[in-house]
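Numbering (the numbering used here), first residue to last: 17 to 504.
All remarks here apply to the structure that follows.
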Amino acid sequence: MFSTLFARLAAALVALSLVLSAALVLVLRSSHQSFHLEVEQRLHQQLARRLADRIADDEKTLEAVFAHVRELATLNPVLAAYVVDVDGNIVASSRPRAEIRRSRVSVAPILDFVKGPAAWPLLGDDPASERGKAVFSAASVTAPPQNRFLYVVLGSTDGRQAAIAAGERSHSLREALELALANVAAALLATLVVVRVFTRPVRRLRRAMEAFDQSGFAGTARYHAQGRQVVRDEIDRLGAIFDSMADRIAMQIGSLRRSDEARREMYANISHDLQTPLTALRGYVDTLLMKDGTLSAAQRRRFLDILSSQTQQLADLVEQVVDLARLEAPELRLQSHEIRIERLLERIVEELRPLLEKKGLHLRLETAVVDPVRGDEALLRRALNNVILNAIQAAPEASEIGIRAGNESGNNVAVVVSDRGPGLSSEQIPRVFNRHYRGSRDAAPGMGLGLAIARKVVELHGGDITAGNAEGGGAQFRITLPSSVANT
Numbered sequence: 017m018f019s020t021l022f023a024r025l026a027a028a029l030v031a032l033s034l035v036l037s038a039a040l041v042l043v044l045r046s047s048h049q050s051f052h053l054e055v056e057q058r059l060h061q062q063l064a065r066r067l068a069d070r071i072a073d074d075e076k077t078l079e080a081v082f083a084h085v086r087e088l089a090t091l092n093p094v095l096a097a098y099v100v101d102v103d104g105n106i107v108a109s110s111r112p113r114a115e116i117r118r119s120r121v122s123v124a125p126i127l128d129f130v131k132g133p134a135a136w137p138l139l140g141d142d143p144a145s146e147r148g149k150a151v152f153s154a155a156s157v158t159a160p161p162q163n164r165f166l167y168v169v170l171g172s173t174d175g176r177q178a179a180i181a182a183g184e185r186s187h188s189l190r191e192a193l194e195l196a197l198a199n200v201a202a203a204l205l206a207t208l209v210v211v212r213v214f215t216r217p218v219r220r221l222r223r224a225m226e227a228f229d230q231s232g233f234a235g236t237a238r239y240h241a242q243g244r245q246v247v248r249d250e251i252d253r254l255g256a257i258f259d260s261m262a263d264r265i266a267m268q269i270g271s272l273r274r275s276d277e278a279r280r281e282m283y284a285n286i287s288h289d290l291q292t293p294l295t296a297l298r299g300y301v302d303t304l305l306m307k308d309g310t311l312s313a314a315q316r317r318r319f320l321d322i323l324s325s326q327t328q329q330l331a332d333l334v335e336q337v338v339d340l341a342r343l344e345a346p347e348l349r350l351q352s353h354e355i356r357i358e359r360l361l362e363r364i365v366e367e368l369r370p371l372l373e374k375k376g377l378h379l380r381l382e383t384a385v386v387d388p389v390r391g392d393e394a395l396l397r398r399a400l401n402n403v404i405l406n407a408i409q410a411a412p413e414a415s416e417i418g419i420r421a422g423n424e425s426g427n428n429v430a431v432v433v434s435d436r437g438p439g440l441s442s443e444q445i446p447r448v449f450n451r452h453y454r455g456s457r458d459a460a461p462g463m464g465l466g467l468a469i470a471r472k473v474v475e476l477h478g479g480d481i482t483a484g485n486a487e488g489g490g491a492q493f494r495i496t497l498p499s500s501v502a503n504t
């Protein structure tokens, strides 16, 4: 029932309004009673004085005053007159002694009344009640004996209850209460409307969060409309933070899903590419075992060469997978030292010389004065080797491969590798560094991890690698690395 913020606020406001209404009723009733007592006392302020002036030094005049009070009591049954001394002892009374509950009253209120009360109503002791209070009129008696006061009770305890009952039936009091309660109800209704308006952004944020959750964190739900972000208060700011967080979560989940799909595809590629050399190895081994006695030396040599080639291919595939896994490990630490790129390129070219001669390729290596770079030589060797091998595989037989190294503006060292192959299409260029991508699966053996490894290595060294097409045709790969001169 109170599962929403608005419901809880509304319940709290209703409860507070009820408490305030009850307090208001009590305050109005108390104010009305005090006002009634004050009016009663002010109207009869001089009553005791006028009655005291009639008292002479004999009992007959006092009894006459009491008789007059009793006559007035027929109209106001609570009216009673008492003669008290300076200590508050009741000397005489218009009431029968059986109706008097205490023989002594406090003199302090009487003295205050005689001097002139500072605040109205002024309450004194009610002799007809053991603990009750009453409004009164008082005056000093000038007739002998001296030091006496005429104490006229205007509203005793019973009389005050009657006044309360009369107040409850008062039309003005009822109208005042109704008006006050109507104001409280109107204020409550207006407050609920304001709370409803102010909690609307909270409900919108809740709906956006629920929609985001139900969408599987796809990022389709937003608090602010796309391109219309207006921050007016804290809730709008929370909504903006939620939108940013939802976009980031959706992007990360999308990246994880794409990585997972790429990983599954790579595993499929690994399975396929490992299966090819393994099948060939098994086939030729079985042939050698079954026909060992019938094979000539030349045939046996050819089979062994094929087994060696397939074994090398298998080893290369496994090495690529291990290299990529190692490069993606967060605990990887580079063995960094100063490297001369031109010398590293010369050693790589010399190692690949047999492969170049096998395809009849001419390699043109151009190295000027090149600044040294700082990095892991084994990893950079692997990256450069992969890029050059890619060019060798793509280049037609008896064509040319170019490698150029030199300094660039911005304290960078650039290595450009180009071939005379078919080049890269506009669709291949953005995908060529994907770790499972191969331009043509039949063009060369492997899983398409070479360029992915090269890009990862270059990025670990703070560099960049791009792919494109050379002006004379063929693919061109450009590796840029920061020189160690820039860091000194």
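Glycine included, each C-beta is placed from N, C-alpha and C at the ideal position.
Item to check | Closest by C-alpha distance to arginine 356, when choosing among Leu440, Glu335, Val385 | outcome: Looking from the CA of arginine 356, the closest CA among Leu440, Glu335, Val385 belongs to Val385.
Next on the checklist: Using the Cβ count rule (16 or more neighbours within 10 Å means buried), how would you classify asparagine 406?
Outcome noted: The Cβ neighbour count for asparagine 406, taken over all protein chains shown within 10 Å, is at least 16; the residue is labelled buried.
Item to check | valine 210 (DSSP reduced to helix, strand or coil) | outcome: If DSSP states are grouped into helix, strand and coil, valine 210 belongs with the helices.
Checklist entry - With burial defined as no fewer than 16 other Cβ atoms inside 10 Å of the residue's Cβ, what is the status of asparagine 401: buried or exposed? => result Label assigned to asparagine 401: buried.
Next on the checklist: At the level of alpha carbons, what is the spacing between aspartate 332 and serine 325?
Outcome noted: Between the C-alpha atoms of aspartate 332 and serine 325 there is a straight-line separation of about 10 Å.
Checklist entry - Candidates Ala224, Ala421, Gln268, Ser275: which alpha carbon is nearest glycine 255's? => result Among Ala224, Ala421, Gln268, Ser275, the Cα nearest to that of glycine 255 is on Ala224.
Next on the checklist: So, at 6 Å on beta carbons, what are the nonlocal neighbours of arginine 124 in its own chain, with the 5 sequence-adjacent residues on each side left out?
Outcome noted: Residue identity check: residue 124 is alanine in the sequence provided, not arginine. The beta carbon of alanine 124 lies closer than 6 Å to none in the same chain, with the five residues before and after it left out.
Checklist entry - With DSSP run on the structure shown, which of helix, strand or coil describes arginine 111? => result Here arginine 111 carries a coil assignment [DSSP, helix/strand/coil].
Item to check | Whether valine 429 touches aspartate 387 by CB criterion (8 Å) | outcome: Yes.
Checklist entry - alanine 155 and phenylalanine 165 look like a contact to me (Cβ under 8 Å); what is the Cβ gap, rounded to whole Å? => result The distance from the Cβ of alanine 155 to that of phenylalanine 165 is about 7 Å, consistent with a contact at the 8 Å cut-off.
Checklist entry - For arginine 349, which option in Pro498, Leu330, Ser50, Ala394 has the closest C-alpha, if you only look at C-alpha atoms? => result The candidate whose alpha carbon is nearest that of arginine 349 is Ala394.
Checklist entry - Does the beta-carbon of isoleucine 257 have 16 or more other beta-carbons within 10 angstroms, so that it is buried, or is it exposed? => result Exposed is the call here.
Next on the checklist: On the DSSP letters alone, give me the boundaries of the beta strand (DSSP E) that arginine 380 sits inside.
Outcome noted: Run containing arginine 380: 378-383, per the beta strand (DSSP E) assignment.
Checklist entry - Is the CB-CB distance between leucine 476 and valine 337 below 8 Å? => result For the 8 Å CB-CB criterion, leucine 476 and valine 337 do not form a contact.
Checklist entry - Is the beta carbon of isoleucine 404 sitting closer than 8 Å to the one on leucine 368? => result In this structure, leucine 368 lies closer than 8 Å to isoleucine 404 by Cβ.
Item to check | Buried versus exposed call for tyrosine 283 [16 or more other C-beta atoms within 10 Å across all chains shown] | outcome: Around the C-beta of tyrosine 283, fewer than 16 other C-beta atoms lie within 10 Å, and the residue is accordingly described as exposed.
Item to check | Closest Cα partner of lysine 374 within the set Thr295, Ile445, Gln409 | outcome: Closest by C-alpha distance to lysine 374, out of Thr295, Ile445, Gln409, is Gln409.
Next on the checklist: My output table needs one value for alanine 192: the three-state DSSP class, helix, strand or coil.
Outcome noted: Here alanine 192 sits in helix by DSSP.
Next on the checklist: Does any residue of chain C have a CB that is nearer than 8 Å to the CB of aspartate 252?
Outcome noted: Included in the structure is just one protein chain, with no chain C present.
Next on the checklist: Any contact between the stretch 97-113 and the stretch 21-36? By contact I mean 3 or more CB pairs, one from each, below 8 Å.
Outcome noted: Segments in contact, no.
Next on the checklist: Considering Cα atoms alone, identify which of Gln61, Arg66, Leu205 is closest to leucine 34.
Outcome noted: Comparing Cα positions, the closest option is Leu205.
Item to check | Residues of its chain near glycine 490, where Cβ-Cβ distance is below 7 Å and the 5 sequence neighbours each way are ignored | outcome: Excluding the 5 residues flanking it on each side, glycine 490 has same chain C-beta neighbours closer than 7 Å at Ser434, Asp435, Arg436, Gly437, Gly439, in chain order.
Item to check | Beta-carbon separation (whole angstroms), leucine 95 vs alanine 196, contact threshold 8 Å | outcome: Not really, about 34 Å apart at Cβ, beyond 8 Å.
Checklist entry - Which of helix, strand or coil does DSSP assign to proline 498? => result In the three-state reduction of the DSSP assignment, proline 498 falls in the strand class, which pools E and B.
Item to check | For alanine 72, the three-state DSSP class (helix, strand or coil) | outcome: Residue state, collapsed to three classes: coil.
Checklist entry - Helix, strand or coil: how does DSSP classify serine 572 here? => result Past the boundaries of the shown model lies residue 572; the chain is included only from 17 to 504, so the question cannot be answered.
Next on the checklist: Whole angstroms are fine: how far does the CA of asparagine 485 sit from the CA of proline 217?
Outcome noted: If you take the alpha carbons of proline 217 and asparagine 485, they lie about 54 Å apart.
Next on the checklist: Quick check: what's the CA-CA separation for alanine 181 versus arginine 190?
Outcome noted: Residue placement at alanine 181 is poorly supported in this model, since its pLDDT is 47, which falls under 50; the coordinates are not used for a value here.
Next on the checklist: Classify glutamine 57: buried if its beta carbon has 16 or more other beta carbons within 10 angstroms, exposed otherwise.
Outcome noted: Glutamine 57 comes out buried.
Next on the checklist: Taking the beta carbon of glutamate 184 as the centre, do at least 16 other beta carbons fall within 10 Å, making it buried, or is it exposed?
Outcome noted: The pLDDT assigned to glutamate 184 is 49, lower than 50, so where the model puts this residue is not dependable; a value taken from the coordinates is nonetheless given after this. By the neighbour-count criterion, in which 16 or more other beta carbons inside 10 Å mark a residue as buried, glutamate 184 falls on the exposed side.
Checklist entry - In angstroms, rounded to a whole number, what distance separates the CA positions of arginine 212 and glutamate 281? => result Going from the Cα of arginine 212 to the Cα of glutamate 281 covers about 53 Å.
Next on the checklist: Suppose contacts are defined by Cβ-Cβ distances below 8 Å. Is serine 510 in contact with glycine 140 by that definition?
Outcome noted: This structure cannot speak to residue 510, because the chain is shown only from 17 to 504.
Next on the checklist: For the alpha helix (DSSP H) containing histidine 52, name the first residue and the last one.
Outcome noted: Per DSSP, histidine 52 belongs to the alpha helix (DSSP H) from 21-59.
Item to check | Reference serine 352; option with closest CA among Asp392, Asn450, Glu344, Ile322 | outcome: Closest option to serine 352, Cα to Cα, is Asp392.
Checklist entry - Can the beta-carbon of aspartate 101 be found less than 8 Å from the beta-carbon of asparagine 163? => result Cβ atoms of aspartate 101 and asparagine 163: closer than 8 Å.
Item to check | CA nearest to the CA of leucine 446, picked from Ala468, Asn427, Val432, Ser425 | outcome: As written in the sequence, residue 446 is proline, which differs from the leucine given in the question. Of the candidates Ala468, Asn427, Val432, Ser425, the one whose C-alpha sits nearest the C-alpha of proline 446 is Ala468.
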